[in-house]
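Novice: Protein chains in written order, with my numbering: chain A, 13 to 401; chain B, 112 to 638.
1. Quick one: is residue 76 of chain A near chain B, going by C-beta distance under 9 Å?
2. Cα-Cα, which of A:104, A:76, A:184, A:120 is closest to residue 141 of chain A?
3. Tell whether a beta-carbon distance below 9 Å holds between residue 145 of chain A and residue 53 of chain A.
4. For residue 462 of chain B, is the classification buried or exposed, using 16 other Cβ atoms within 10 angstroms of its Cβ as the cut-off for buried?
5. Ends of the beta strand (DSSP E) at residue 88 of chain A?
6. Who does residue 176 of chain A pair with in a DSSP beta bridge?
7. Check distances from the C-beta atoms of the region 621-636 of chain B to those of chain A and list, in chain order, the residues that come in under 9 Å.
8. Applying the criterion that 16 or more other CB atoms from any shown protein chain within 10 Å of the CB defines a buried residue, is residue 174 of chain B buried or exposed?
9. Apart from the five residues just before and just after residue 176 of chain B, which ones in its own chain have a Cβ nearer than 6 Å to its Cβ?
10. Can you give the Cα-Cα distance for residue 117 of chain A and residue 157 of chain A, rounded to whole angstroms?
11. Do you know how far the Cα of residue 515 of chain B is from the Cα of residue 214 of chain A?
12. By the three-class DSSP mapping on this structure, what secondary structure does residue 339 of chain B have?
13. Just the C-alpha distance for residue 172 of chain B and residue 95 of chain A, rounded to the nearest angstrom, thanks.
14. So what does residue 531 of chain B bridge to, in DSSP terms?
15. Which residues in the same chain as residue 387 of chain B place their Cβ atom closer than 6 Å to its Cβ, once the five residues preceding and following it in sequence are excluded?
16. Measure the C-alpha to C-alpha separation of residue 78 of chain A and residue 268 of chain B and round it to an integer number of angstroms.
17. Does residue 368 of chain A get closer than 9 Å to chain B when you measure Cβ to Cβ?
18. Give the single residue among B:323, B:296, B:360, B:492 whose Cα lies nearest to the Cα of residue 161 of chain B.
19. Mark residue 68 of chain A as exposed unless 16 or more other C-beta atoms lie within 10 angstroms of its C-beta, in which case mark it buried.
20. Output the distance between the C-alpha atoms of residue 126 of chain B and residue 586 of chain B, rounded to the nearest integer angstrom.
21. Can you find the residues in the same chain that come closer than 8 Å, C-beta to C-beta, to residue 509 of chain B, ignoring five residues on each side of it along the sequence?
22. Do residue 256 of chain B and residue 249 of chain B have their beta-carbon atoms positioned less than 9 Å apart in this structure?
23. Establish whether the CB of residue 534 of chain B and some CB of chain A are separated by less than 9 Å.
24. Is DSSP giving residue 613 of chain B helix, strand or coil here?
25. List the endpoints of the continuous alpha helix (DSSP H) containing residue 62 of chain A.
26. Distance check for residue 326 of chain B and residue 272 of chain B, CA to CA, integer angstroms please.
27. Since residue 472 of chain B sits in a beta bridge, which residues does DSSP pair it with?
28. If you measure between the beta carbons of residue 170 of chain B and residue 121 of chain B, is that distance less than 9 Å?
29. Taking all protein chains shown into account, do 16 or more other C-beta atoms lie within 10 angstroms of the C-beta of residue 488 of chain B, making it buried, or fewer, making it exposed?
30. Taking a cut of 7 Å between CB atoms, which residues from the region 89-108 of chain A lie near chain B?
31. Name the chain B residues that come within less than 8 Å of residue 150 of chain A, Cβ to Cβ?
32. Residues of chain A with CB under 8 Å from residue 521 of chain B, in chain order?
33. Taking one C-beta from the region 213-224 of chain B and one from the region 389-409 of chain B each time, how about it: are there three or more such pairs within less than 8 Å?
34. When the Cβ atoms of the region 305-323 of chain B are set against those of the region 339-354 of chain B, are three or more pairs found closer than 8 Å?
35. Can you find a CB in chain B that lies within less than 9 Å of the CB of residue 352 of chain A?
36. Name the chain B residues whose beta carbon is nearer than 7 Å to that of residue 114 of chain A?
Printed below as a string of structure tokens:
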């Protein structure tokens, strides 16, 4: 905080001087006081000044991918004005006609990447933040895919400059129908309510016939959570026009997050939320498609979030962006095999070891020197161009 | 003889930190006061009564750190007494109001008498100390206490910065230890939010078990043999219990759940919305024209249109019938399993605030439930830790990403109105991590520690899942967004001061007083 800003923190915060603030200052009101003796009015003035002068703002480029709902990914991004200007300057004519685009990439088990969806985020002139939502269409694969998102600038003739890359999210290749959770019970109680208010005896629960049908005396697996070929619930529905295995970006206008909106009214006067409505929304949920396949090495704990991925790749040649798209992903992959049950630590973090003793950790390489080694050569011109970070 | 099946009732008590010393009276502080009056005091009363008569009832109770901080706060305790006085006067006003119908006057007297009983219990029996009363119940074996993340941060959406998850868990554990003198065994994951790998953080923080919604285990790898009816192991020494979907449905379903019965009290019809400003003037904070008072005259009735007047006796009788049915259904399920040495367990977790506040008769339901369980021979109430201690886990699994929110995933906290927040939270967590780790501040060491601790408190408060859940959902949305922005602004103010030295002691003291939770906050959790 600068000294100027400090002095702007309202008259309530200035020291009691001979000529200005007198007894209305925080210092004067609260001199020698602690705890609940502090003056509410002075506290409120401080709180309001802080909220007014220190409006939340993002300072670093970031792109984060979230597993929002079954079959839905959401990317949230921000790019600093300096970085977007720098990126634009790498294109001819200061990057006129560029679009900011989110690309969703799917990586298979062998690390092969495929762009499966893209969403235009804006013209690339000034837009500094946004979100993109992608609906996934499972392709029935028995293994997991990893997804990551890239935010970049795209020119009309195919040029592509990556500005930021997200963490990765692992999802299975096949979808699972939702369970029938409690639906029979609901029907039973519906019948009760429709009939007598207080029926004699207890209604028949679905679990008993289910158990009888199973015929397995020892702890049937989920006796009341049967799988069925039910229609996907809302949130599962794949896009009608999407082919199996494909992904599309949701068709909506890129939204400007409200982080820059005016601060809402602060004082009391708003009724409390309605947790009953909130909690009644917590209906039994559908199944979730994120189970890893048995035997697959566990992934690095947590998602990768590395804003330093900004400008991690670029490919520029001559007067116009090239068709070829060189991309450098510097990543350290550590695979290992230890005795089952062993504990492993790498980079200061404990690593999940699979039942068979295998483990795998992937970590972005942060040494930018590595990135400068890539050279693009065109066979006709013979000119070489070093990659830029 | 067959081993009786186990029933683990679990209540999760949580409110966001709604303490506002910067206002003489603040509406959102009523959230706490209403919950104390409607939920926590009645719950303590019935549990103490059960313990005193030797009931075998056992309850696992999650008390969030923010709630505990508010329950122990002297300013809020003083304001709670003022709230009780105001509410009592409001009841009196209705009871003697010339225009009131006799039935409404009778209900007003009913509320007044109930309030007098609760106030006497609070002051005379508990000495105004709810935290000590909960601890006493745990000492007596009736209750097993557990905690949740420090400010109820939704962990799956904080995991982009692992340090944020670690801080939420570490601060919660420390606060519980400081409050109750022991390290908690159980962790309630906020909103049941889970992602693969979280168990490692839970383990590192020293917890032994947590609870997941049913689908997290149903899609686990491998699928657990006993479904949700036995705890499983997620990693070394960390067990996972699955939420029983049937008992959840019976209570939560908006159409056929117990609280939807037409005899029960209607929550949304409240004296505070009837427009009698003269009557409400002394009760509501200045500038607030309409807000819930807790004085409600109608029952659910059914359908739309006019509501029938509330009849407490009929509603209480219905609560008894619903409790009987609840126990019968659990017994039927548990006795349907084949006899083995491992008793199956039904885990039934609920928000504690449902019972008494949203579902007014919920406390009567619990009381009747305790009596029914005491009479039952084929079902035994246990706490989660107790079950784990004696019966251990049944296999190793890797659960799937899940929550108990809409659609069972993360979407309820990622809606467009709230999604922008997370980049700010990630950035702030990273910034604090850098400050704590590198120590590149310009102020004196003692002041730096105070500033960083206060910045950490601001960040933790901004991470509360309550704000992002409620934003864009109508009532309370503006307040929640305002709180989130305020906390992020305070974070910027404090971290800026660390770098430039531009803060006065009275300013820091004032911010410390406004966000005064976690007095012993350990900065190592953030580094």
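From the three backbone atoms N, C-alpha and C, an ideal C-beta is built for every residue, glycine too. Please read these numbers as outputs of a predicted model, since none were measured by experiment.
Specialist: Quick look at the numbers:
1. Within the first chain, the letter at position 64 stands for residue 76 of chain A. Interface residue, yes.
2. In the first chain, residue 141 of chain A corresponds to position 129, counting from 1. Cα-wise, what sits closest to residue 141 of chain A is A:76.
3. For this step, residue 145 of chain A is matched to residue 133 along the first chain. For this step, residue 53 of chain A is matched to residue 41 along the first chain. Contact flag unset, no.
4. The residue labelled residue 462 of chain B in the question sits at position 351 within the second chain. Buried is the call here.
5. In the first chain, counting from the first residue as 1, residue 88 of chain A sits at position 76. Where residue 88 of chain A is concerned, the enclosing beta strand (DSSP E) stretches over 84-90.
6. Start at 1 with the first residue of the first chain, and residue 176 of chain A comes out as number 164. Note: residue 176 of chain A sits in a beta bridge opposite A:163.
7. 621, 622, 624, 625, 627
8. Locating residue 174 of chain B in the second chain gives position 63, counting from the first residue. Its Cβ being crowded by 16 or more others within 10 Å, residue 174 of chain B is buried.
9. By 1-based counting over the second chain, the position of residue 176 of chain B is 65. These residues qualify, in order along the chain: 261, 283, 286.
10. The residue given as residue 117 of chain A occupies position 105 in the first chain. The residue given as residue 157 of chain A occupies position 145 in the first chain. Going from the Cα of residue 117 of chain A to the Cα of residue 157 of chain A covers about 10 Å.
11. Here residue 214 of chain A refers to the residue found at position 202 of the first chain. Here residue 515 of chain B refers to the residue found at position 404 of the second chain. With a pLDDT of only 29 at residue 214 of chain A, under 50, the local geometry of the prediction cannot be trusted, and the value read off the model is given with reservation. Near 28 Å, if we compare the C-alpha coordinates of residue 515 of chain B and residue 214 of chain A.
12. If you number the second chain from 1, residue 339 of chain B lands on position 228. Three-state DSSP puts residue 339 of chain B in a helix.
13. Taking the first residue of the second chain as 1, we reach residue 172 of chain B at position 61. Taking the first residue of the first chain as 1, we reach residue 95 of chain A at position 83. Each residue's alpha carbon lies about 50 Å from the other.
14. Sequence index remark: in the second chain, residue 531 of chain B carries index 420 (1-based). Residue 531 of chain B is not bridged to any residue.
15. Here residue 387 of chain B is taken as the residue at index 276 of the second chain, counted from 1. If we look at residue 387 of chain B and ignore the five residues flanking it on each side, it has no Cβ neighbours.
16. In the first chain, the residue the question calls residue 78 of chain A occupies position 66. In the second chain, the residue the question calls residue 268 of chain B occupies position 157. Their Cα atoms are separated by approximately 7 Å.
17. Here residue 368 of chain A refers to the residue found at position 356 when the first chain is read from its first residue. For residue 368 of chain A, the answer is no, since every Cβ of chain B falls outside 9 Å of its Cβ.
18. Working through the second chain from its first residue, we reach residue 161 of chain B at position 50. Measuring from the Cα of residue 161 of chain B, the nearest candidate turns out to be B:492.
19. Working through the first chain from its first residue, we reach residue 68 of chain A at position 56. Buried, because 16 or more other Cβ atoms sit within 10 Å of the Cβ of residue 68 of chain A.
20. In the second chain, residue 126 of chain B corresponds to position 15, counting from 1. In the second chain, residue 586 of chain B corresponds to position 475, counting from 1. Going by the C-alpha atoms only, they are around 16 Å apart.
21. The sequence position of residue 509 of chain B within the second chain is 398, counting from 1. Cβ neighbours of residue 509 of chain B beyond the five flanking positions: 307, 331, 332, 345.
22. Along the second chain, one-based indexing puts residue 249 of chain B at 138. Along the second chain, one-based indexing puts residue 256 of chain B at 145. Closer than 9 Å, so yes.
23. To locate residue 534 of chain B, count along the second chain from 1; it is residue 423. Taking Cβ atoms only, chain A reaches closer than 9 Å to residue 534 of chain B, which makes this a yes.
24. As a position in the second chain, residue 613 of chain B is number 502, starting the count at 1. Note: residue 613 of chain B maps to coil in three-state DSSP.
25. Locating residue 62 of chain A in the first chain gives position 50, counting from the first residue. Run containing residue 62 of chain A: 52-65, per the alpha helix (DSSP H) assignment.
26. The residue you call residue 272 of chain B lines up with position 161 of the second chain. The residue you call residue 326 of chain B lines up with position 215 of the second chain. C-alpha separation (whole angstroms): 26 Å.
27. Within the second chain, residue 472 of chain B is the residue found at index 361, counting from 1. Residue 472 of chain B is not bridged to any residue.
28. Within the second chain, the letter at position 59 stands for residue 170 of chain B. Within the second chain, the letter at position 10 stands for residue 121 of chain B. Yes; because the gap between Cβ atoms is below 9 Å, this pair is in contact.
29. Sequence index remark: in the second chain, residue 488 of chain B carries index 377 (1-based). Exposed: under 16 other Cβ atoms inside 10 Å.
30. 90
31. As a first step, residue 150 of chain A must be located in the first chain, where it is residue number 138. None at all; the shortest Cβ gap to chain B is about 14 Å.
32. For this step, residue 521 of chain B is matched to residue 410 along the second chain. Within 8 Å Cβ-Cβ: 78, 79, 80, 81.
33. yes
34. yes
35. On the first chain, position 340 is the one that residue 352 of chain A refers to. No, residue 352 of chain A does not count as interfacial toward chain B.
36. Reading the first chain from its first residue, position 102 is the one you call residue 114 of chain A. Near residue 114 of chain A there are no residues of chain B at all, since even the closest Cβ is about 14 Å away, more than 7 Å.
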